[in-house]
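Scroll down for the structure; my scribbles are underneath it.
In UniProt numbering, the protein residues as written are 1 to 190.
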């Protein structure tokens with residue numbers, strides 16, 4: 001890479017643009033694959049968990065970033081089950097507000113509140129982040145949208161309902177300061 005010329009890198013940038021433009025398609029394809037993934041012991045598919053979470057966020061009056069964050073909070077689960085929260089956050093980080101990405105990145109440790117004691121783990125491990133400005137947002141995200149979204153009888157919106165939202169978010173300029181809004185904490189619900 002260090003021997004590349006300006007002209008070569010300009011060519012690569014031009015050739016990469018069509019691939020980058022298809023990011024939303026790749027994300028939606030991954031969600032569609034999750035329609036066929038049900039882990040042993042769970043009563044719904046990974047896709048159903050995603051759309052339940054997003055449906056709950058939307059019905060609570062959440063904005064676009066929170067809805068897409070809820071939809072994609074576990075997108076990394078198939079590839080990186082032990083750190084899916086971090087992988088999922090990296091997928092959305094360039095395109096959503098920083099607080100949404102932070103919540104997705106940390107939701108795994110916050111979810112431990114509900115089950116860690118059954119494994120003799122520290123269910124209050126999230127308290128390490130007690131003083132972080134996104135602590136309450138993450139706790140609310142987990143309580144209202146994530147842990148509640150394993151219900152086989154919940155009337156979720158279909159993935160197609162969320163497709164325009166995914167396209168809008170991934171159609172943004174990556175890492176745009178107007179999108180990321182570093183330091184701003186946004187409400188989860190209206």
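For every residue, glycine included, the Cβ atom is placed at its ideal position computed from N, Cα and C. Given the structure is predicted, the values throughout are model-derived calculations rather than measurements.
For residue i, which residues in the same chain have their Cβ closer than 7 Å to its Cβ, ignoring the five residues on either side in sequence?
i, result
"residue 190", "61"
"residue 101", "89, 92 and 93"
"residue 149", "49, 52, 53 and 56"
"residue 163", "28"
"residue 37", "45, 46 and 78"
"residue 154", "52"
"residue 172", "95 and 179"
With a CB to CB cut of under 6 Å and the five nearest residues on each side skipped, what residues in its chain are close to residue i?
i, result
"residue 34", "46 and 47"
"residue 106", "138"
"residue 174", "94"
"residue 57", "66, 67, 70 and 145"
Check this for me: beta carbons of residue i and residue j, under 8 Å apart or not?
i, j, result
"residue 117", "residue 126", "no"
"residue 121", "residue 181", "no"
"residue 213", "residue 134", "Within the shown structure, residues of the chain are numbered from 1 to 190, placing residue 213 beyond reach of any answer."
"residue 147", "residue 119", "no"
"residue 75", "residue 8", "no"
"residue 186", "residue 63", "yes"
Contact defined as beta carbons within less than 8 Å: I believe residue i pairs with residue j. What is the distance between those atoms, to the nearest angstrom?
i, j, result
"residue 85", "residue 108", "4 Å"
"residue 24", "residue 166", "5 Å"
"residue 79", "residue 72", "About 13 Å; that fails the 8 Å criterion."
"residue 152", "residue 43", "5 Å"
Can you tell me where the alpha helix (DSSP H) holding residue i begins and where it ends?
i, result
"residue 108", "98-115"
"residue 18", "6-21"
"residue 177", "177-180"
For the ligand ZN, is there a heavy atom less than 7 Å away from the beta-carbon of residue i?
i, result
"residue 77", "Absence of the ligand ZN from the depicted structure is noted, as is the absence of any ligand whatsoever, leaving it without description."
With a CB to CB cut of under 8 Å and the five nearest residues on each side skipped, what residues in its chain are close to residue i?
i, result
"residue 158", "51"
"residue 184", "97, 98 and 99"
"residue 81", "none"
Uninterrupted alpha helix (DSSP H) stretches inside the region 118-175 (no shorter than 4 residues):
Scanning the region 118-175 from its first residue to its last, the whole alpha helix (DSSP H) runs of 4-plus residues come out as 135-141 and 159-170.
Sequence ranges, alpha helix (DSSP H) only - wholly within the region 40-85, length at least 4
List check, alpha helix (DSSP H) in window: 46-59 and 64-72.
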